[in-house]
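15 is the number of the first residue of the sequence shown in my numbering; add one for each residue after it.
Take a look at the structure set out below.
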Amino acid sequence: MASAVEGSVDSKAELTALLEQWEREQQGNTQDLVNILTKISELVERETEEYHKADPDPFDDRHPGRANPECMLGHLLKILFKNDDFRMQ
Numbered sequence: 015m016a017s018a019v020e021g022s023v024d025s026k027a028e029l030t031a032l033l034e035q036w037e038r039e040q041q042g043n044t045q046d047l048v049n050i051l052t053k054i055s056e057l058v059e060r061e062t063e064e065y066h067k068a069d070p071d072p073f074d075d076r077h078p079g080r081a082n083p084e085c086m087l088g089h090l091l092k093i094l095f096k097n098d099d100f101r102m103q
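Now the structure itself:
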């Protein structure tokens with residue numbers, strides 16, 4: 015149980031650090047930006063796999079954070095979409 019909590023804190027911290035790095039590197043090298051986006055996508059993919067391992071209801075089309083408030087995927091998506099660069103317009 016403790017490792018799951020540590021993992022979730024690590025995922026949040028990792029995403030926050032990547033978004034801060036994204037902000038710093040906006041005017042930088044394109045390859046650096048691609049590397050940051052790759053790391054963000056790998057993090058989201060990893061948490062998506064963990065979410066699906068919990069066997070959620072396939073007919074529940076709610077946001078993962080609403081379907082299961084404890085799931086890390088929902089928290090990561092909320093953090094990601096609060097960032098103006100990633101907000102859907």
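The beta carbon of each residue, even a glycine, is placed where N, CA and C say it ideally should be.
query: Can you check which of these residues, Glu64, Gln35, Leu29 and Glu39, is closest to Ile54 by C-alpha distance?; result: Leu29
query: Taking just the CA atoms, how far does Gly88 sit from Asn82?; result: 8 Å
query: Tell me which same chain residues have a C-beta within less than 7 Å of the C-beta of Asp46, skipping the five on either side of it?; result: Glu39
query: Please check if any C-beta of chain D sits within less than 8 Å of the C-beta of Leu32.; result: Given the protein chain composition of this structure (a single chain), no chain D is represented.
query: So what does DSSP say about Asp74, is it helix, strand or coil?; result: coil
query: Just reading off the alpha helix (DSSP H) that Glu56 is part of, what are its end residues?; result: Thr44 to Lys67
query: Out of curiosity, what's the CA-to-CA distance linking Lys92 and Lys67?; result: 20 Å
query: Using the rule of at least 16 other Cβ atoms within 10 Å of the residue's Cβ for burial, across every protein chain shown, is Glu61 buried or exposed?; result: buried
query: Excluding sequence positions up to five away, which residues of its chain have a Cβ less than 8 Å from the Cβ of Gly79?; result: Cys85, Leu87, Gly88, His89, Leu91 and Lys92
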